[in-house]
Amino acid sequence: MRTMENENLRVQISDHGAELSSIYDKAADREAVWIGDPAFWNRHAPVLFPFVGKVNGGFYTHKGVKYPMGQHGFARDNEFECIENTENKTVHRLVSTEETKKVYPFDFAFTVTQELSGRTLTITWNVENTGDDDMYFSVGGHPAFMIPEQYDIVFNKGLENHTETELEYVLIDPETAGVDVAHPRKLKLQDGRIPYTRTLFDEDA
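Right under this line is the structure:
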């Protein structure tokens, strides 16, 4: 576990998946990142690469060859090399190997940089194609936070007037991995806000 720390925050990052594991707020005396309780979800903030989401049937085809690929790619389940770790900066890197080419036939270097400044943690992803062919990828973050129930989710923060009264959204069908775009659901807003409750994500995000 790699640690960065200043007078405001203590941040911990695992070499496994270059995953942010903890942001401890010293002033508030509380943990801000989900604790990874396996009874609910055993991760904290996995990095998704080289795929975000699932591929149809668990396989995709490139240049006529069929490759297996699990949900959200493989980076989150691999050990990264830590190439820098100071009190305010940590850099991890994952590079292609013969093993990764069995499921993702590209040469790459994927670098995750996390920098701490005051009360701000900045995370930067850099994807480098180290081969000669066009490389197809997606990259994303999947952080989970410990949110006190008195918090709201605010849309268009900073605007003087919130004109929205509801949002439309769709859910992913767990059976088909598709969405019914033609029949969106409605989510009522209160002054541009959604009060956070424990039941808000009962049907996923």
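Read in order, the letters of the sequence shown are residues 539 to 743 in the numbering used here. Beta carbons: idealized from backbone N, C-alpha and C, even for Gly.
Check	Outcome
8 Å Cβ shell around S559 - same chain, five flanking residues per side excluded	M539, Q550, I551, S552, V571, G574, H582, A583
Given Y674 as reference, the closest of R723, G611, V692 once Cα atoms are compared	G611
First through last residue of the beta strand (DSSP E) which encompasses A647	646 to 655
Member of D729, K726, D742, T714 whose CA lies at the smallest distance from the CA of G595	T714
Segments assigned beta strand (DSSP E), at least 3 residues, entirely inside the stretch 603 to 637	603 to 606, 619 to 623, 627 to 633
Straight-line gap, E653 to D567 (C-alpha atoms, nearest Å)	21 Å
Coil, strand or helix - N596 by DSSP	It should be pointed out that residue 596 corresponds to Gly in this sequence rather than to Asn. Three-state result, G596: helix.
Candidates A682, F644, V692, of which the one nearest D670 by Cα	F644
Sequence-distant residues of its chain with Cβ nearer than 6 Å to L502 (five each side left out)	Only positions 539 to 743 of the chain appear in this structure, which leaves residue 502 out of reach.
T662 to L727 span [Cα, whole Å]	32 Å
Cβ-Cβ separation, M542 to N626 (assumed contact under 8 Å), whole Å	6 Å
Straight-line gap, A613 to D729 (C-alpha atoms, nearest Å)	40 Å
Within 8 Å, strictly: CB atoms of T599 and V629	no
Own chain partners of L586 with C-beta closer than 8 Å, once the 5 adjacent residues on each side are dropped	H610, G611, A613, R614, S676, V677, G678, G679, H680
Outcome for Y707 when other beta-carbon atoms lying within 10 angstroms are tallied against a minimum of 16	exposed
Minimum C-alpha distance to F739 - residue among F646, E545, I691, V719	I691
Whole-number beta carbon distance between W579 and A682, since they are thought to touch under 8 Å	7 Å
Environment of T589 [buried if 16+ CB atoms lie within 10 Å]	Note on identity: in this sequence residue 589 is Phe, with Thr being the wrong assignment. Burial call: buried.
Simplified DSSP state of K726, which is helix, strand or coil	strand
Cα-Cα separation between K564 and G602, rounded to whole angstroms	54 Å
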